[in-house]
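Protein chains in written order, with the numbering used here: chain H, 639 to 902; chain X, 639 to 902; chain V, 639 to 902; chain C, 639 to 902; chain F, 639 to 902; chain Z, 639 to 902. Cβ atoms here follow ideal geometry from the backbone N, Cα and C, with glycine treated the same way. These numbers come from a predicted model, not from an experiment.
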């Protein structure tokens with residue numbers, strides 16, 4: 639299926655594409671340890687692949703930019719090989735990208751993100767760029783919207799990093815990321831400070847990944863499969879595709895300035 | 639009940655208190671429109687009051703710092719009176735506070751936050767300060783942990799700003815914030831772009847509050863009451879108090895550096 | 639008496655007030671040690687109270703914003719409890735406030751400051767914001783203009799921090815700040831480096847407060863009284879009120895661009 | 639041939655590799671127009687491929703990090719699709735990468751750069767990081783050292799962007815970057831301001847690429863070939879490999895601090 | 639008379655001088671309009687000359703660095719030729735200078751400043767560098783301490799810029815700065831906003847120089863003379879010299895850390 | 639010969655000059671060790687002198703601004719007396735200067751630079767300011783264009799700092815910089831890491847000057863002479879003068895925006 643991938647286009651091709659393109663998808667990943675059974679580029683590759691698939695579904699309304707292949711990963715820095723950007727740096731990269739895109743006439747951008755540690759920065763980015771650059775920016779976790787498939791196929795109570803979900807997504811989208819012969823469960827550190835800071839607890843905060851897991855994984859990667867990956871990815875693509883189409887049709891109605899009599 | 643409130647202490651009193659204090663609570667609020675029936679200082683006042691109550695429960699282990707009385711509120715700027723800090727500014731304020739606290743020997747800090755728009759910045763703050771300043775920082779939404787009381791007493795599907803929850807909290811904690819004679823429901827703009835970006839949707843992003851509500855409120859403030867406020871606040875204080883105590887006892891065990899043989 | 643206090647208003651009330659308001663008063667304080675007989679919030683509280691009084695005199699031409707309740711206090715950091723912002727941080731907070739105010743149509747701002755350590759930053763703020771934001775910013779030390787009352791009532795040669803002047807102001811404006819039973823004179827360190835850097839000397843510079851005073855006070859707080867406070871505060875309010883009125887009437891005459899033939 | 643590519647490794651593999659690795663190669667590219675006959679990812683891909691080849695020659699002394707796949711390209715921004723980072727942003731990305739690498743014990747870094755517009759920033763990066771981070775940083779233009787092959791095979795007087803050299807390198811390293819059916823010569827704008835600013839002129843400065851070439855190319859891409867690419871790339875790899883080996887052997891002799899008697 | 643001027647020394651000479659030097663004098667000036675009768679480099683030149691004279695008196699305890707020959711002059715920017723640095727820029731320059739000096743073993747620095755518009759920034763610089771760089775920084779207005787000579791010889795009520803004082807200083811220190819044939823009085827704009835903001839008024843703020851004077855001067859330059867300049871400069875040098883000597887002798891007693899029992 | 643030197647002009651004179659001036663020359667130097675036989679201000683003085691001479695040739699089309707008398711010299715910091723600015727600081731100074739110049743109507747600027755360590759920063763400055771400030775900025779190494787004179791008169795293979803070239807330039811332009819009685823050859827450290835990073839090598843990077851030369855010189859200063867200096871300087875002035883004239887005449891033809899059909 640066809641799609642607009644900026645990395646694989648010449649400028650005259652981009653010029654032609656810009657006649658229909660209304661939104662740019664920026665894949666945002668990370669470079670960080672993924673336990674003994676996944677490559678450290680996992681998040682960058684999965685974000686790229688998801689963006690390509692989503693772009694096919696939304697062709698010719700969107701184009702995909704180069705991937706932001708490193709992200710905010712300080713919690714993984716004590717595992718060898720992790721490269722982490724500070725949030726300020728990621729913001730600067732995204733700002734420059736959005737400024738460049740706007741120069742080409744694109745004022746809607748979706749940051750398609752595969753790494754939880756980037757979410758806070760992406761939220762700030764969207765708010766800041768709306769103020770500073772007069773653009774509409776959105777962000778989405780790549781497969782977070784596949785709620786039914788997750789419910790059906792994921793049984794670990796603690797999952798989300800190099801687990802059955804992520805391994806399954808990789809089997810479906812980029813199998814070279816997985817070392818099938820090394821798949822192991824997360825080697826969880828029980829009783830740690832991290833347990834009080836997981837989502838849903840009264841208090842959040844920063845902890846290092848080795849406080850939670852000795853091998854850098856959580857969940858049970860041995861339960862991953864191509865089929866689960868397909869279910870998750872396709873449901874997420876359905877959801878994301880519909881959401882982007884809704885946004886693009888909405889935006890044909892320009893937002894009126896707040897009416898002065900609004901509380902009359 | 640007794641508590642350590644930095645704003646009401648002299649330096650010899652602080653010096654004495656530091657013998658038992660292990661954590662500082664920084665109330666973080668906002669200055670932003672709260673519809674026609676609440677003062678714009680609502681979030682700053684509620685964060686302050688929650689911090690005072692929490693400090694009483696945790697006395698003499700904690701002290702309360704001055705309140706950060708403005709926050710990240712760009713989505714409210716089109717309503718008269720809102721003052722918004724950029725995320726970078728809020729980060730700078732919090733960093734300086736943490737640096738000052740560390741100088742006094744305090745290396746654990748809880749940002750007790752009443753305003754949703756601050757959460758992303760607080761998450762980044764905790765991660766950054768752990769790297770830069772060798773402190774443990776945490777953050778909590780003031781009453782988000784009162785899940786049972788919320789479930790029992792809040793019936794609006796869309797709530798969270800100048801709604802029955804917030805008005806109830808104010809009736810209990812700071813009734814001068816409420817104008818009982820002006821209470822109205824949120825005047826919601828149906829069919830807007832914002833509906834696709836509420837929590838739980840595939841895509842998040844920035845929208846202005848007037849895109850969602852003509853009068854600046856959501857939910858149904860007319861349903862608020864002192865009793866509901868009491869139920870929410872007290873449950874949240876129970877949860878927060880227990881969570882802080884758990885953190886403080888945990889931390890008596892120093893976190894070992896990641897062991898080199900961890901994947902052996 | 640009536641006044642516009644942003645913290646106690648709803649947005650429709652602010653919208654109505656903006657029809658007459660020409661200038662915003664930003665109270666700027668500090669959170670720092672004030673010896674054994676005053677609360678550390680002293681400067682933040684006094685700035686707030688002075689702003690309220692000044693707003694009453696200038697009603698309905700001015701409104702009061704939330705207070706900047708921490709300031710630039712590095713010289714006090716070795717006394718327990720002091721929280722200090724870097725000058726860059728204070729500038730960022732003020733800039734964001736002025737940007738927000740300008741969005742609401744206010745392009746004149748008075749920083750009403752109670753803390754000497756903020757003065758340098760406020761001077762830079764006024765110059766920078768005039769360039770960057772096209773606003774007119776002013777700053778004033780809360781009671782510095784009460785020259786006659788000072789002359790009449792203050793006998794200490796070295797005064798200005800938790801002294802008879804400040805205690806008197808607090809007795810009049812916010813008596814809960816004072817611990818009457820603990821009032822002491824400043825315990826001055828004679829012969830120190832600081833003596834060569836007091837105002838009026840050939841050389842200025844930075845010194846820490848403990849170089850000058852062992853108990854964090856200077857002057858003689860035991861000489862303070864409600865009556866002195868009243869004399870100082872009321873004279874200062876007279877002076878400030880007249881000065882603001884003069885500025886506001888001046889500014890009805892727009893400043894012409896420099897005429898090209900000016901030196902002809 | 640074997641090599642250490644961080645993107646294709648797990649953390650235990652990185653941990654093992656770090657026993658021999660002495661230097662990290664950071665591929666630095668760009669995303670910018672390359673005329674009608676090359677993909678916009680050209681520089682990012684070529685830098686990556688060169689890094690892989692160099693790592694094979696230097697195995698097991700080096701590892702390759704993720705690629706910096708966007709660079710400083712403001713001069714190309716008027717051609718559709720170009721994404722440009724500000725120099726400050728590129729510096730921030732590189733600094734964060736070096737900080738992360740140093741945490742893993744690597745204190746020598748080579749920025750292997752394929753894009754002329756990045757050279758100035760890389761020079762500053764090396765100088766700054768040496769001061770700030772106590773690391774030794776180096777940078778190299780990917781094939782600039784292939785002087786003999788260039789002399790033998792390149793006849794255009796003006797070349798260096800989407801020309802016979804770059805097309806040849808791509809034929810050899812990543813042929814999918816080239817559109818053989820669209821190859822054209824640079825459509826040069828004669829008599830422009832740019833002519834006075836080419837290397838070797840008395841004055842340098844910034845000009846936009848469209849001032850120099852109407853189609854975004856210079857040189858004569860139609861003269862490119864796999865053989866020329868092979869000659870250039872292999873000579874450059876020989877030169878780079880020898881240079882890195884020399885650096886690594888040098889550095890076994892620690893640099894003594896400047897001797898005090900040096901001018902005796 | 640001998641002195642250490644860094645601009646006129648070789649590195650072996652500096653190395654030798656550092657055996658006795660305890661403090662660096664940094665001349666800080668400005669480049670800004672000085673009316674029709676003085677060169678725009680006036681402040682830079684006068685600061686340099688004052689530093690040279692002061693260094694002679696304090697030889698061999700001090701050395702003079704290169705001059706900061708531009709300053710913070712936004713209020714003069716509407717007069718042709720003025721070059722103004724932002725306060726942040728001046729701070730950055732001074733910080734880099736102090737860092738360099740500290741590397742050479744000098745940890746006491748006096749900013750000798752001839753331009754009023756720099757004073758606020760210099761105050762912040764001293765406070766910030768003390769925190770960040772563990773140095774003692776001081777600042778002085780070049781001739782402000784010549785109180786008796788000023789009182790005896792200056793009769794204008796409004797003076798301080800290209801007036802009889804400054805012209806006199808130039809006659810004595812650098813007569814080429816003055817155009818004797820063009821000397822004029824300040825052409826003051828009476829009734830302006832600036833009158834309410836002069837020193838001693840209740841309110842300070844930023845105003846542009848052309849609001850106050852049509853020809854860029856204040857005071858009465860025609861009253862200036864070599865003799866007045868000599869009186870002012872020599873008195874100031876006496877005062878500054880004594881003050882620096884006092885600081886340097888003080889500092890032989892290291893400042894003790896605040897004693898814990900200070901309020902006992 | 640006449641020229642416009644901003645440091646020696648009054649504002650009415652600048653106003654008059656601006657009627658013909660089209661470009662500002664900013665002399666950019668450094669303050670750094672120049673071995674035992676040249677003053678540390680060498681680069682600042684030579685840049686200033688070159689600018690004056692060039693301005694005479696181009697009168698009345700150009701004016702000369704104050705000199706940037708410190709530069710980016712981290713590689714010299716281990717020699718006593720060197721003062722180094724960070725690249726960010728130099729950029730900030732240049733930006734403020736360009737902003738000020740633009741305010742006076744000058745939108746073309748030439749940074750005339752005598753110090754190699756500044757070149758990278760000047761390249762970034764020109765690119766950044768073109769984007770941010772809508773100005774045309776250029777930079778030139780003061781005498782780099784004197785290729786024939788260099789070829790005829792310089793025999794050292796390694797030269798460029800306090801060598802026969804620089805000493806000769808000083809003999810011609812500012813002989814007080816030289817100590818004829820102390821002239822020595824560079825005391826080169828053979829076999830060092832620096833040899834692999836000199837221009838023309840495959841790899842560049844940062845090294846400290848003492849790694850290369852024990853006395854801070856390279857080349858053979860004893861071979862310098864007034865005549866060589868004259869030959870170099872005059873050839874360079876010829877080249878620079880012609881290049882600036884070409885730029886100024888070019889720019890009378892405004893650059894058209896890129897034509898949309900450019901690749902048709």
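Query raised in the report: Pick from V:811, V:832, V:801 and V:807: whose alpha carbon is nearest that of residue 821 of chain V?
Result: Position 183 of the third chain, counting from 1, holds the residue named residue 821 of chain V. Residue V:801 is the option with its Cα nearest to residue 821 of chain V.
Query raised in the report: Of all the residues that make up the stretch 662-678 of chain Z, which are near chain C by a beta-carbon distance shorter than 9 Å?
Result: Of all residues in the stretch 662-678 of chain Z, 673 and 674 have a Cβ within less than 9 Å of some Cβ in chain C.
Requested in this report: Apply the 10 Å Cβ neighbour rule to residue 852 of chain H and answer buried if 16 or more other Cβ atoms are within range, or exposed otherwise.
Outcome: For the purposes of this step, residue 852 of chain H is identified with residue 214 of the first chain, where counting begins at 1. Label assigned to residue 852 of chain H: buried.
Query - Beta-carbon neighbours of residue 742 of chain C, restricted to chain H and to distances below 7 Å - result: Stepping through the fourth chain from its first residue, residue 742 of chain C is reached at position 104. By Cβ distance, chain H contributes 718 and 719.
Query - Min CB distance residue 708 of chain H to chain C below 7 Å - result: Here residue 708 of chain H corresponds to residue number 70 of the first chain, with the count starting at 1. True, the Cβ-Cβ gap to chain C drops below 7 Å.
Query raised in the report: Is there at least one Cβ from chain Z nearer than 7 Å to residue 819 of chain C's Cβ?
Result: Taking the fourth chain and counting its residues from 1, the one referred to as residue 819 of chain C is at position 181. No - not a single Cβ of chain Z is within 7 Å of the one on residue 819 of chain C.
Report task. Leaving out five residues on either side along the sequence, give the residues of the same chain with a beta carbon under 8 Å from the beta carbon of residue 659 of chain F. Result -> Position 21 of the fifth chain holds residue 659 of chain F. If you ignore the 5 residues before and after residue 659 of chain F, its C-beta comes within less than 8 Å of the C-beta of 642, 698, 699, 700, 701 and 744, all in its own chain and listed in chain order.
Query raised in the report: Can you list the alpha helix (DSSP H) stretches of 4 or more residues lying completely in the stretch 797-838 of chain Z, in chain order?
Result: Within the stretch 797-838 of chain Z, the complete alpha helix (DSSP H) segments of 4 residues or longer fall at 802-811, listed in chain order.
Query raised in the report: With a cut-off of 8 Å, do at least 3 Cβ pairs link the stretch 831-847 of chain V to the stretch 744-754 of chain V?
Result: Result no; under three Cβ-Cβ pairs closer than 8 Å.
Report task. Compare the Cα-Cα distances from residue 716 of chain X to each of X:683, X:846, X:656 and X:876 and report the closest residue. Result -> Position 78 of the second chain, counting from 1, holds the residue named residue 716 of chain X. Nearest C-alpha to residue 716 of chain X: X:846.
**Report entry** Residue nearest to residue 683 of chain V in terms of C-alpha spacing, selected from V:693, V:662, V:696 and V:706
**Finding:** The residue you call residue 683 of chain V lines up with position 45 of the third chain. Of the residues V:693, V:662, V:696 and V:706, the one whose Cα lies closest to the Cα of residue 683 of chain V is V:706.
Query raised in the report: If you run the structure through DSSP and keep just helix, strand and coil, what is residue 860 of chain Z?
Result: By 1-based counting over the sixth chain, the position of residue 860 of chain Z is 222. It is helical.
**Report entry** Same chain, Cβ closer than 6 Å to residue 680 of chain C, neighbours up to 5 away in sequence not counted
**Finding:** Here residue 680 of chain C corresponds to residue number 42 of the fourth chain, with the count starting at 1. By the criterion of a C-beta distance shorter than 6 Å, residue 680 of chain C is surrounded in its chain by 672 and 815, once the five residues flanking it on both sides are discounted.
Query raised in the report: What separation, rounded to the nearest whole angstrom, lies between the Cα atoms of residue 686 of chain F and residue 750 of chain F?
Result: Residue mapping note: residue 686 of chain F aligns to position 48 of the fifth chain, counting from 1. Residue mapping note: residue 750 of chain F aligns to position 112 of the fifth chain, counting from 1. Computed Cα separation, rounded: 9 Å.
Requested in this report: State the Cα-Cα distance for the pair residue 780 of chain Z and residue 667 of chain Z, rounded to the nearest angstrom.
Outcome: Numbered from its first residue, the sixth chain carries residue 780 of chain Z at position 142. Numbered from its first residue, the sixth chain carries residue 667 of chain Z at position 29. Roughly 10 Å separates the two Cα atoms.
Query raised in the report: Listed from N- to C-terminal order along the chain, which residues in the stretch 645-659 of chain Z have their beta-carbon within a distance smaller than 7 Å of any beta-carbon of chain F?
Result: Within the stretch 645-659 of chain Z, the qualifying residues are 645, 646, 647, 648, 649, 650, 652, 653 and 656.
Query raised in the report: Does the distance from the CB of residue 778 of chain Z to the CB of residue 841 of chain C come in under 7 Å?
Result: Taking the sixth chain and counting its residues from 1, the one referred to as residue 778 of chain Z is at position 140. Taking the fourth chain and counting its residues from 1, the one referred to as residue 841 of chain C is at position 203. Yes.
Query raised in the report: Just checking my contact of residue 807 of chain Z with residue 721 of chain Z at CB under 8 Å: how many whole Å lie between their CB atoms?
Result: Against the sixth chain, residue 807 of chain Z aligns to sequence position 169. Against the sixth chain, residue 721 of chain Z aligns to sequence position 83. The Cβ separation is near 21 Å, so there is no contact.
Query - Burial state of residue 883 of chain F (16 or more Cβ within 10 Å) - result: Counted from its first residue, the fifth chain places residue 883 of chain F at position 245. With fewer than 16 other Cβ atoms inside 10 Å of its own Cβ, residue 883 of chain F counts as exposed.
**Report entry** Proximity test, Cβ basis, 7 Å: residue 800 of chain H and chain X
**Finding:** As a position in the first chain, residue 800 of chain H is number 162, starting the count at 1. No, its Cβ sits nowhere closer than 7 Å to a Cβ of chain X.
Requested in this report: Give me the Cβ distance between residue 810 of chain V and residue 867 of chain V, rounded to the nearest whole Å; I'm assuming they're in contact under 8 Å.
Outcome: Indexing the third chain from 1 puts residue 810 of chain V at position 172. Indexing the third chain from 1 puts residue 867 of chain V at position 229. In this structure residue 810 of chain V touches residue 867 of chain V by the C-beta definition: roughly 3 Å separates them, less than 8 Å.
Query raised in the report: Taking the continuous beta strand (DSSP E) assigned at residue 702 of chain X, which residues delimit it?
Result: The residue you call residue 702 of chain X lines up with position 64 of the second chain. If you look at residue 702 of chain X, you'll find it in the beta strand (DSSP E) that goes 700-702.
Requested in this report: Given a cut-off of 7 Å, decide if residue 755 of chain Z and residue 711 of chain Z are closer than it, judged by their beta-carbon atoms.
Outcome: Mapped onto the sixth chain, residue 711 of chain Z falls at position 73. Mapped onto the sixth chain, residue 755 of chain Z falls at position 117. Taking 7 Å as the Cβ cut-off, residue 711 of chain Z and residue 755 of chain Z qualify as a contacting pair.
**Report entry** Closest Cα partner of residue 752 of chain Z within the set Z:770, Z:649 and Z:708
**Finding:** Taking the first residue of the sixth chain as position 1, residue 752 of chain Z is located at position 114. Looking at the Cα atoms, Z:708 is the closest of the given residues.
Requested in this report: Select from H:661, H:858, H:764 and H:719 the residue whose C-alpha is nearest the C-alpha of residue 650 of chain C.
Outcome: Looking up residue 650 of chain C in the fourth chain gives position 12. Relative to the Cα of residue 650 of chain C, the nearest Cα in the group H:661, H:858, H:764 and H:719 belongs to H:719.
Query raised in the report: If you draw a straight line from the alpha carbon of residue 663 of chain C to that of residue 703 of chain H, how long is it in whole angstroms?
Result: By 1-based counting over the fourth chain, the position of residue 663 of chain C is 25. By 1-based counting over the first chain, the position of residue 703 of chain H is 65. The straight-line gap from Cα to Cα measures roughly 24 Å.
Query raised in the report: Ordered along the chain, which non-local residues of its own chain (more than five positions away) have a Cβ less than 6 Å from that of residue 639 of chain V?
Result: Mapped onto the third chain, residue 639 of chain V falls at position 1. Around residue 639 of chain V: 694.
Requested in this report: Hey, could you find the ends of the beta strand (DSSP E) residue 845 of chain Z is sitting in?
Outcome: Working through the sixth chain from its first residue, we reach residue 845 of chain Z at position 207. Looking at the DSSP string, residue 845 of chain Z is not in any beta strand (DSSP E), and its letter there is neither H nor E.
**Report entry** Beta-carbon proximity check, residue 661 of chain F vs residue 875 of chain F, cutoff 7 Å
**Finding:** Here residue 661 of chain F refers to the residue found at position 23 when the fifth chain is read from its first residue. Here residue 875 of chain F refers to the residue found at position 237 when the fifth chain is read from its first residue. No.
Report task. Just mark residue 665 of chain H as buried or exposed, buried being the case when its beta carbon has 16 or more other beta carbons within 10 Å. Result -> To locate residue 665 of chain H, count along the first chain from 1; it is residue 27. Its Cβ being crowded by 16 or more others within 10 Å, residue 665 of chain H is buried.
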